[in-house]
Structure formats: C-alpha cells, structure tokens
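Q: Structure below; questions to follow.
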C-alpha cells in the first residue's frame with residue numbers, strides 16, 4: 019500500500035508544461051547555441 023501511495027503522489031505531481039519547457043530549453047528551439055570558437 020505504501021508503494022501505491024508513493025506512485026499516486028508521483029503521478030499527481032507531474033507537470034507536463036514544466037517538462038516541455040525543460041525539454042525545449044535543453045534540446046529544442048529555445049536551447050542556447052554552442053557556436054564553435056576559432057582562434
């Protein structure tokens with residue numbers, strides 16, 4: 019029963035908008051560019 023309570027708590031705390039924002043910032047269109055630096 020404890021594992022089911024923890025699972026339920028985990029599911030209730032999901033935030034799809036936050037996940038999508040994180041993904042976009044890390045891998046998507048809003049990620050920071052890492053341009054090569056030439057000497």
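In my numbering, the protein residues as written are 19 to 57. All C-beta atoms in this analysis are idealised placements derived from N, C-alpha and C, irrespective of residue type, glycine included. These numbers were taken from a predicted model, which means no experiment stands behind them.
(1) Quick check: what's the CA-CA separation for residue 28 versus residue 22?
(2) Going straight from the alpha carbon of residue 44 to that of residue 19, what length do you get?
(3) If you run the structure through DSSP and keep just helix, strand and coil, what is residue 22?
A: The short version:
(1) Mapped onto the chain shown, residue 28 falls at position 10. Mapped onto the chain shown, residue 22 falls at position 4. In this model, residue 28 and residue 22 are separated by some 10 Å (Cα to Cα).
(2) Sequence index remark: in the chain shown, residue 44 carries index 26 (1-based). Sequence index remark: in the chain shown, residue 19 carries index 1 (1-based). Each residue's Cα considered, the two are about 36 Å apart.
(3) Taking the first residue of the chain shown as 1, we reach residue 22 at position 4. The three-state reading of DSSP puts residue 22 in helix, counting H, G and I together.
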